[in-house]
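Residue numbers (mature numbering (1 follows the signal peptide of the UniProt record, and there is no 0)): -50 to -1, 1 to 248.
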């Protein structure tokens, strides 16, 4: 099946893949992050140390541990039934957001969600909303974060929850905000993006859902980790990081402290844009290793 892929949604930028954590300090990103974080901290609740997130399971989360794929169009129930022969047991779906490449989702209905549940598949709901003004992907520049990023984030977080409820997702479900790779050297843009992310997280969390976050490991993920270390609040409950290096490593990601988003709060997207066939049905997918909250379907 031909897939119209999210524009570089999961692919780390060429610069990100080229730079290792050892030479990151030499790129000039340190100064950019410091300025962006200073702006964020000025409007944040003061904190004495890095935010520590507890095990989400006692808080009502449904945690899935195993293999997942995401694909631009939600596959049919027949395709998922054919894929029961695979090791995958969770699927990422682009359920809402003005930045989706695949806005038309004919399979994505309440009956689809309940059919997925009956087959014991799990769902990772992905919301592709407004993007950083300095987003690297040309195909995402038409949906920039505006002049009031925190309030805009809250408005889009409200929409994310409403759309999730319309698809029969219950409270304590995880909803993942997709923020494509952006240029951290642009300090004003980085600060605006972090403010939007925090607003989205606050709204989603206030409505009883777990706010997750997807981005490139060397972009949004590194940025949010630096915010966590600086004591910024309103950060994601779960981290879905893209680093395409062929092998999954949930707790070996160099952009994240080992204690951060641990336990049961990480997804590693380790390979992307691959054509895979199971049961005679072919999909173009990204591959993921998961130890994180998923949707809870009524």
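We treat Cβ as the ideally placed atom computed from N, Cα and C, and that holds for glycine.
* Asked: Just reading off the beta strand (DSSP E) that residue 206 is part of, what are its end residues?
  -> Unbroken run through residue 206: none, as it is neither H nor E.
* Asked: In angstroms, rounded to a whole number, what distance separates the CA positions of residue 17 and residue 207?
  -> 23 Å
* On a CA-only basis, which of 2, 4 and 19 is nearest residue 228? Give me that one, please. => 19
* Going by alpha carbons, who is nearest to residue 194 out of 156, 210, 220 and 235? -> 220
* To do: Please report how far the alpha carbon of residue 31 lies from the alpha carbon of residue 69, in whole angstroms.
  => 7 Å
* **Member of 136, 127, 156 and 179 whose CA lies at the smallest distance from the CA of residue 162** => 127
* Asked: Is residue 247 buried or exposed, if buried means 16 or more other CB atoms sit within 10 Å of its CB?
  -> buried
* **Selected residue, minimal CA-CA separation from residue 158, among 40, 6 and 141** => 6
* Rounded C-alpha distance that separates residue 90 from residue 51 -> 9 Å
* Less than 8 Å between the CB atoms is what I'm expecting for residue 40 and residue 74, so what's the real figure, rounded? => 6 Å
* Asked: Where does residue 159 fall in DSSP's three states?
  -> coil
* To do: Give me the Cα-Cα distance between residue 168 and residue 196, rounded to the nearest whole angstrom.
  => 16 Å
* **As assigned by DSSP and simplified to three states, the class of residue 81** => strand
* Asked: CB residue 85 to CB residue 130, shorter than 8 Å?
  -> yes
* Does the beta-carbon distance from residue 177 to residue 217 come in below 8 Å? -> no
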